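>
Residue numbers (my numbering), protein chains in the order written: chain R, 1 to 359; chain A, 1001 to 1359.
#1: Can you check whether the C-beta of residue 19 of chain R is within less than 7 Å of a C-beta belonging to chain A?
#2: Determine whether the beta carbon atoms of residue 175 of chain R and residue 151 of chain R lie at a separation below 7 Å.
#3: Do the stretch 1152-1162 of chain A and the stretch 1288-1296 of chain A touch if we need at least three Cβ pairs shorter than 8 Å?
#4: Would you kindly work out how many angstroms separate the C-alpha atoms of residue 1086 of chain A and residue 239 of chain R, rounded to a whole number?
#5: Going by DSSP in three states, residue 1223 of chain A sits in which element: helix, strand or coil?
#6: Contact defined as beta carbons within less than 8 Å: I believe residue 29 of chain R pairs with residue 318 of chain R. What is the distance between those atoms, to the nearest angstrom?
#7: Excluding five sequence neighbours on each side, which residues of the same chain lie with their C-beta closer than 6 Å to the C-beta of residue 1206 of chain A?
#8: Looking at the secondary structure, which residues open and close the alpha helix (DSSP H) in which residue 164 of chain R lies?
#9: Which runs of the beta strand (DSSP E) spanning at least 3 residues fall entirely within the stretch 41-81 of chain R, listed in chain order?
#10: Considering only the beta carbon of each residue, do residue 1336 of chain A and residue 1271 of chain A sit closer than 7 Å?
#11: What whole-angstrom Cβ distance do residue 1169 of chain A and residue 1198 of chain A have, given they're in contact under 8 Å?
#12: Quick one, which of A:1116, A:1138 and A:1203 has its alpha-carbon nearest residue 1081 of chain A's?
#13: Please decide whether residue 53 of chain R counts as near chain A, where near means a Cβ-Cβ distance under 7 Å.
#14: Going by CA-CA distance only, name the one from A:1331, A:1283, A:1309 and A:1262 that's closest to residue 1421 of chain A.
#15: Identify, in the order they occur along the chain, each residue of the same chain with its Cβ nearer than 6 Å to the Cβ of residue 1224 of chain A, setting aside the five sequence neighbours on each side.
#16: Would you kindly work out how many angstroms separate the C-alpha atoms of residue 66 of chain R and residue 90 of chain R, rounded to a whole number?
#17: How far does the beta strand (DSSP E) with residue 202 of chain R in it reach, from first residue to last?
#18: Find the residues of chain A that neighbour residue 174 of chain R, judging by a C-beta separation of less than 7 Å, and give them in chain order.
#19: Nearest-angstrom Cα distance between residue 322 of chain R and residue 302 of chain R?
#20: Taking 7 Å as the threshold (beta carbon to beta carbon), is residue 1050 of chain A in contact with chain R?
#21: Report, in whole angstroms, the separation of the C-beta atoms of residue 1117 of chain A and residue 1103 of chain A, which I expect to be a contact under 8 Å.
#22: So, at 7 Å on beta carbons, what are the nonlocal neighbours of residue 1013 of chain A in its own chain, with the 5 sequence-adjacent residues on each side left out?
#23: Give the single residue among R:5, R:22, R:248 and R:328 whose Cα lies nearest to the Cα of residue 68 of chain R.
#24: Tell me whether residue 1215 of chain A is buried or exposed, calling it buried when 16 or more other Cβ atoms sit within 10 Å of its Cβ.
#25: Here's the rule I'm using: 16 or more other beta-carbon atoms within 10 Å means buried, otherwise exposed. How should residue 1246 of chain A be labelled?
#26: Could you have a look at residue 330 of chain R and say whether DSSP puts it in helix, strand or coil?
#27: Please state whether DSSP places residue 245 of chain R in a helix, a strand or coil.
#28: Less than 7 Å separating the beta-carbons of residue 1135 of chain A and residue 1160 of chain A?
#29: Can you name the start and end residues of the beta strand (DSSP E) that residue 103 of chain R belongs to?
#30: Residues bridged to residue 180 of chain R by DSSP?
#31: Can the beta-carbon of residue 27 of chain R be found less than 7 Å from the beta-carbon of residue 316 of chain R?
#32: Just the Cα atoms here: how many angstroms apart are residue 101 of chain R and residue 123 of chain R?
#33: Kindly indicate if chain A contains any beta-carbon less than 7 Å away from that of residue 180 of chain R.
#34: Taking Cβ to Cβ, would you say residue 32 of chain R is nearer than 7 Å to residue 1054 of chain A?
#35: From the beta carbon of residue 36 of chain R, is the nearest beta carbon of chain A less than 7 Å away?
#36: When the Cα atoms are used, what is the spatial distance from residue 1140 of chain A to residue 305 of chain R?
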C-alpha cells in the first residue's frame, strides 16, 4: 500500500440504476416521465444564445429561483436550487445535520440518505416501516439530530397525509425536518402548506419527475430564508456556479407552462390508476401508490424471475435486493402504449410460469 | 437562538466575482474567453433532441470521458468529469485530503482552496510566494497531507516550469499532488506529461477558459485509474448524475474542434502579448503572465482608484483585497477591440490623475 493511499476516503460506492440505451426498449426502471418537457423548453433550446456559453452563469440562479418563488408563492430568498435534488439534499445534509445525535429516516426509503450520512460522517438510525410499509410518525418522537423522509415514500409510493407530516414536525421542533417530495405532484399535498408555521421545515422537490427534466439535473429546496441562506453559504463554499446556463433557461420554461404540466401529470395519474387494476388482475398486490411508480409483488412468481423475464424482452423495471423489498418490483408508469406492452407480456408469461412450474 | 440553529454548519461564505449584465459593458473580470465556443457547439445545440431531457443522463458521462481520454492520449478510466473544475477540485479535496497533517498551497492563489479546506475541516498551511510572486518548490519539501497549486498560478499568471512541477512531485511521493491547470492552454506545458511517472499526481483542467464554456460548467481531472476510481466512488456517494445532458453533448463538440481551439487560444495569446506592451507604456508593471489575464500594478495610481474609474465606464476588471495583492488589478484578456477601449480610457484617465493629483 502506498503512503498516500491511506488518506483516500473509502466509501461503499452507490450503484445507480441501469441506463440502458436503444430505441426499442421500454424503460420503466428509473421513474422518468414518459412525456417530453414542456414545448417552451424545445423552443428555448432552439433559441438559446450559444455565445452566452462563454460566460459564467448567474451564481445566484436568479431567473430560476424567482420563477419558482412566484410559482409557489414564497419569497425568492426562500428558494435554493441545485444539480438535481440529490445535490440539494446532499447540501442540506452537509448544512444542517451536524449534531452528535443520530438523524432519523425510514429503513425502506431513498437509498441515498444512508450514503450521504456515511460520506459526511453523520450518525444515523433507520426506523422500520410498519407491516403495510407505512411511516409511523411515533417513530420520530425520540431525540435525534434531524429527520428526513420522502413523501410519497420511495420505493413504496405511499403518501403520508399532511396531518401526519405535521405531527412529525410538531414533535421535532429542535431539529431540521426535511420532507423530500420528489413525487408529490402525482397526488399528494405538499408540506409547503406548513412552511409558515415551521421554520425548521425544508421541502425538497425536483424537475426530474413531474416536470420531465431528469436530463437537466434541477432540484430545489424551499424553506425559511434563514435555512436557505445557510445552504447558500455552504454552496458558495463548494461551487459557486452549480447551475449551467441551459439549466437556468430551460428550467424557467418548464415551470412556466402550467397547462402542459397539469396535462402530463394527469395522464400519468390516469395510467397509474389503470395500472393498478390491470396489475391486480394479473395477480399483483401493492401499496396504494400516489407516485409515478407502483411497487408490486406477485402472488405466485418471485420478483427476481419476473424482473429477468421482462429484461429479456427489453422491458426494464427496478428490483432491489434486501429483506422485504426483494419480493417487489418497482414499475415506473410509462405511456399507455408502453404499459399495454407490459401487461400483454406479463399475461402470457405469468400464465406460462404458473401453469408450468412450481415454486 | 433556536435549538436547531446550533447544528447548522457555519462557513464564511465565498463571494463570487461580479456578474454584471448589459450589452455595452466590457467584462474583463472573471477570465472568461472573449470568443464563442466552437461552431460545432452551436450546431449541436440546434440539433439537440429535447425529448431526451426527460431521461437521466449517463451517470458515467462516457461520451465526454472517452472524448477527453482520446484527446489527451490516456485511458477513459483515467478521466473524471464534474460541474466545472470547482466541483472536480472539491471532490478531490474530499477524496484525497484526509490526513491529520496540513495540506499545502500558496498564500496568493485560487481563493477556493482555503474555502474547501475549511468546509471539509482539512488542516492546511499556506506557503508564501517569493518577492516576484513565484512559487518556490522548496516550500513544499516539508511533511504534509497533500499539495495543490495552480499552474499557471492565479491571480499572478506566472507559470512554473515542468521541471519545477516535477521537483515538487519528487519531494511529495507520499501524498496526492494536485496541479490545477485552468490556464495551462495559454502557454504552459501540462503536467500530464508526468503522469506516467507519478501515480500520486492529479491534473485538473476546465472548459471555462480556453474552451469558451464557462456557462456550461465542465471541468475534469486526469490521473492514475486508481485515483479516478476513488473520486468516482465519492462522486457516486454524493450525486450520481452531475453532468446534465447538454453538458455531455456540447462538451464533446468543444473538444472535437482542434482547429478552432488553437485559433482562439492563439488570438488570446497575441492580444495578451500586445497588452503587455501597451500596459507597460501606460506605467503598469506585472508578472509575465502565461494565462488569459494580466496582474498589473500601476507605478503611480492606486489599483482601487483605477478599478473604480474603469467600473464607472462599465469596464469591469477584478480587484482583490489583502496584503500585496491589493496593489494590483487582474485584467482578463478580451478581444483586441475591447482592449483598445481599455487602453484608450486608461491613457486619458491616467494622464489626468497623474498631472492633477498627488498620492
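Every residue gets a Cβ at the ideal spot worked out from N, C-alpha and C, and that includes glycine.
For clarity, every value in this text was computed on a predicted model and none was experimentally measured.
So, from the data block:
#1: What you label residue 19 of chain R is simply residue 19 of the first chain in a count that begins at 1. Yes, residue 19 of chain R lies at the interface with chain A (some Cβ there is under 7 Å from its Cβ).
#2: Residue numbering aside, residue 175 of chain R sits at position 175 when the first chain is read from its first letter. Residue numbering aside, residue 151 of chain R sits at position 151 when the first chain is read from its first letter. Their beta carbons are not under 7 Å apart, which means residue 175 of chain R does not touch residue 151 of chain R by this criterion.
#3: Yes: the two stretches touch, three or more of their Cβ pairs being nearer than 8 Å.
#4: Counting from one through the second chain, the residue named residue 1086 of chain A turns up at place 86. Counting from one through the first chain, the residue named residue 239 of chain R turns up at place 239. Spanning the two alpha carbons is a distance of roughly 6 Å.
#5: Counted from its first residue, the second chain places residue 1223 of chain A at position 223. Reduced to three states, the DSSP call for residue 1223 of chain A is strand.
#6: For the purposes of this step, residue 29 of chain R is taken as residue 29 along the first chain, with counting starting at 1. For the purposes of this step, residue 318 of chain R is taken as residue 318 along the first chain, with counting starting at 1. With 8 Å as the limit, residue 29 of chain R and residue 318 of chain R qualify as a contact, their Cβ atoms being about 5 Å apart.
#7: Here residue 1206 of chain A corresponds to residue number 206 of the second chain, with the count starting at 1. Correct list, in chain order: 1085, 1182 and 1219.
#8: Counting from one through the first chain, the residue named residue 164 of chain R turns up at place 164. Counting along the chain, the alpha helix (DSSP H) containing residue 164 of chain R begins and ends at 162-170.
#9: none
#10: Sequence index remark: in the second chain, residue 1336 of chain A carries index 336 (1-based). Sequence index remark: in the second chain, residue 1271 of chain A carries index 271 (1-based). The beta carbons of residue 1336 of chain A and residue 1271 of chain A sit closer together than 7 Å.
#11: Walking along the second chain from the start, residue 1169 of chain A turns up at place 169. Walking along the second chain from the start, residue 1198 of chain A turns up at place 198. About 5 Å; that satisfies the 8 Å criterion.
#12: The residue you call residue 1081 of chain A lines up with position 81 of the second chain. Among A:1116, A:1138 and A:1203, the Cα nearest to that of residue 1081 of chain A belongs to A:1203.
#13: Position 53 of the first chain, counting from 1, holds the residue named residue 53 of chain R. Yes, residue 53 of chain R lies at the interface with chain A (some Cβ there is under 7 Å from its Cβ).
#14: Lying before the first or after the last residue shown, residue 1421 of chain A is absent from chain A, which here runs from 1001 to 1359.
#15: Stepping through the second chain from its first residue, residue 1224 of chain A is reached at position 224. Closer than 6 Å at the Cβ level, and outside the excluded window around residue 1224 of chain A, lie 1199.
#16: To locate residue 66 of chain R, count along the first chain from 1; it is residue 66. To locate residue 90 of chain R, count along the first chain from 1; it is residue 90. Answer to the nearest angstrom: the Cα atoms are 22 Å apart.
#17: The count along the first chain starts at 1 and reaches residue 202 of chain R at position 202. Here the beta strand (DSSP E) through residue 202 of chain R covers 201-206.
#18: Sequence index remark: in the first chain, residue 174 of chain R carries index 174 (1-based). The contacting residues are 1003 and 1004.
#19: In the first chain, the residue the question calls residue 322 of chain R occupies position 322. In the first chain, the residue the question calls residue 302 of chain R occupies position 302. Those two C-alpha atoms are separated by around 14 Å.
#20: Within the second chain, residue 1050 of chain A is the residue found at index 50, counting from 1. Closer than 7 Å to some Cβ of chain R, the Cβ of residue 1050 of chain A qualifies, so yes.
#21: Locating residue 1117 of chain A in the second chain gives position 117, where the first residue counts as 1. Locating residue 1103 of chain A in the second chain gives position 103, where the first residue counts as 1. Yes, residue 1117 of chain A and residue 1103 of chain A are in contact; Cβ-Cβ is about 7 Å, under 8 Å.
#22: Position 13 of the second chain, counted from the first residue, corresponds to residue 1013 of chain A. Same-chain partners within the cutoff: there are none.
#23: Here residue 68 of chain R refers to the residue found at position 68 when the first chain is read from its first residue. That would be R:248, whose Cα lies nearest to the Cα of residue 68 of chain R.
#24: To locate residue 1215 of chain A, count along the second chain from 1; it is residue 215. When all chains shown are included, residue 1215 of chain A counts as buried.
#25: The residue you call residue 1246 of chain A lines up with position 246 of the second chain. Looking at its Cβ environment, which holds 16 or more other Cβ atoms inside 10 Å, residue 1246 of chain A is buried.
#26: Within the first chain, residue 330 of chain R is the residue found at index 330, counting from 1. Reduced to three states, the DSSP call for residue 330 of chain R is strand.
#27: Locating residue 245 of chain R in the first chain gives position 245, counting from the first residue. Three-state result, residue 245 of chain R: helix.
#28: If you number the second chain from 1, residue 1135 of chain A lands on position 135. If you number the second chain from 1, residue 1160 of chain A lands on position 160. Going by C-beta atoms, residue 1135 of chain A is nearer than 7 Å to residue 1160 of chain A.
#29: Here residue 103 of chain R refers to the residue found at position 103 of the first chain. Residue 103 of chain R -> beta strand (DSSP E) spans 103-106.
#30: By one-based count along the first chain, residue 180 of chain R stands at place 180. BP columns for residue 180 of chain R point to R:150 and R:204.
#31: Residue mapping note: residue 27 of chain R aligns to position 27 of the first chain, counting from 1. Residue mapping note: residue 316 of chain R aligns to position 316 of the first chain, counting from 1. Yes. Within cutoff.
#32: Taking the first residue of the first chain as 1, we reach residue 101 of chain R at position 101. Taking the first residue of the first chain as 1, we reach residue 123 of chain R at position 123. Rounded to the nearest angstrom, the two C-alpha atoms are 7 Å apart.
#33: Numbered from its first residue, the first chain carries residue 180 of chain R at position 180. So, not an interface residue.
#34: Here the question's residue 32 of chain R lines up with position 32 in the first chain. Here the question's residue 1054 of chain A lines up with position 54 in the second chain. Yes, Cβ-Cβ distance for residue 32 of chain R and residue 1054 of chain A is below 7 Å.
#35: Here the question's residue 36 of chain R lines up with position 36 in the first chain. Closer than 7 Å: yes.
#36: Taking the second chain and counting its residues from 1, the one referred to as residue 1140 of chain A is at position 140. Taking the first chain and counting its residues from 1, the one referred to as residue 305 of chain R is at position 305. If you take the alpha carbons of residue 1140 of chain A and residue 305 of chain R, they lie about 59 Å apart.
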